[in-house]
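In what follows, a structure is listed as structure tokens, so that the remarks can point back to it.
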DNA sequence: TATTGTTATACTCTATAACTATA
DNA sequence: TATAGTTATAGAGTATAACAATA
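Protein chains in written order, with my numbering: chain A, 1 to 155; chain B, 156 to 310.
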């Protein structure tokens with residue numbers, strides 16, 4: 001869903017001063033990066049970051065090695081290796097493309113699906129514990145902020 | 156305008172339901188990780204992530220290789236190598252510890268100090284642009300949220 | 001001939017084990 | 001003998017270049 005555009009910068013009237021915006025941006029960025037880092041550290045390291053990323057891409061839709069390499073901004077040989085490791089671990093499946101036999105279709109195995117679910121559960125758990133320890137007022141603020149941050153992250 | 160995202164009304168002193176907390180935590184975590192990723196991609200890759208991390212530690216205070224290895228959770232030989240590269244690039248300086256000649260004190264050079272400043276400036280710029288495009292009301296919410304998130308990230 | 005994917009080779013970051021020098 | 005740091009060697013991930021199969 002596309003929420004009403006908040007693209008107009010009418011900050012000149014009632015918003016923050018440029019230096020206040022700069023300070024806020026710096027603080028927010030740092031907080032996000034620290035939380036991100038903590039979450040990554042907490043959650044189990046059953047798959048390496050680059051492998052996890054590839055699994056997430058394949059969760060959206062089956063893809064070819066070439067597509068994955070482009071999306072992940074790595075070379076084709078590198079993706080060949082990464083995919084090879086995932087296939088060996090039984091997390092990714094290779095299928096020949098019947099329409100173009102040069103291509104290979106990669107998809108997740110059921111094991112990978114449940115592994116992703118489990119990793120996300122652990123990551124959310126870390127955050128959940130911390131959110132639950134906040135006051136109702138703070139939770140209220142974060143709920144409003146969450147929608148804004150999500151929009152910022154995706155734009 | 157504050158987009159009212161189907162938010163359940165709650166009793167003032169009870170806070171969110173467990174499932175609402177879980178949903179909020181998941182959304183917040185994801186937003187933070189995406190923003191973190193975007194920021195890292197945007198900012199120049201003049202130093203590798205592990206090198207940047209070490210430089211930040213040394214910014215707080217001069218340290219020994221052993222301390223750095225423990226803080227960064229890498230092996231001592233690995234830290235020797237990382238530090239070696241930084242010394243070669245003129246970003247870190249070695250000094251013998253006069254009280255215990257087995258130890259080495261590592262500290263930042265002036266070049267490193269200005270490099271860190273420049274990297275942060277670029278990272279903040281990415282976030283600043285996005286914050287400045289929000290409405291004053293949204294900026295207000297983020298300002299309150301920022302303090303809470305910072306506390307969560309550091310606890 | 002162009003494209004998809006793999007193999008060949010090299011470089012970097014990481015780790016464990018062995019070594020040097022101080023304490 | 002124990003500790004701080006380095007070197008030796010090996011295991012992954014990444015890259016570029018060369019190759020095989022298919023279009």
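The C-beta atom is built at its ideal place from N, Cα and C for all residues, glycine as well.
Closest by C-alpha distance to residue 119/A, out of 35/A, 68/A, 90/A and 49/A, is 49/A. Under the three-state reduction of DSSP, residue 47/A is assigned to coil, being neither helix nor strand. Contact of residue 305/B with chain A by beta-carbon distance below 9 Å involves 27, 28, 30, 31 and 34. Closest by C-alpha distance to residue 216/B, out of 289/B, 278/B, 304/B and 248/B, is 248/B.
The residue among 253/B, 264/B and 251/B with its C-alpha nearest the C-alpha of residue 244/B is 264/B.
Shown here for residue 115/A: not one same chain residue has a beta carbon closer than 6 Å to its own, the five before and five after excluded.
When secondary structure is reduced to three states using DSSP, residue 75/A falls in the coil class, being assigned neither helix nor strand. For the pair of segments examined, the segment 277-287 of chain B was found to touch the segment 13-33 of chain A: the number of CB pairs separated by less than 8 Å reaches three. The three-state reading of DSSP puts residue 172/B in coil, since its state is none of H, G, I, E or B.
DSSP places residue 254/B in the coil class of the three-state scheme, outside both helix and strand.
Interface annotation, residue 282/B: in contact with chain A, CB-CB separation under 8 Å. Annotation: Cβ neighbours of residue 296/B in chain A (cutoff 7 Å, chain order): 141, 144, 145 and 148. Between the alpha carbons of residue 34/A and residue 26/A lies a gap of roughly 12 Å.
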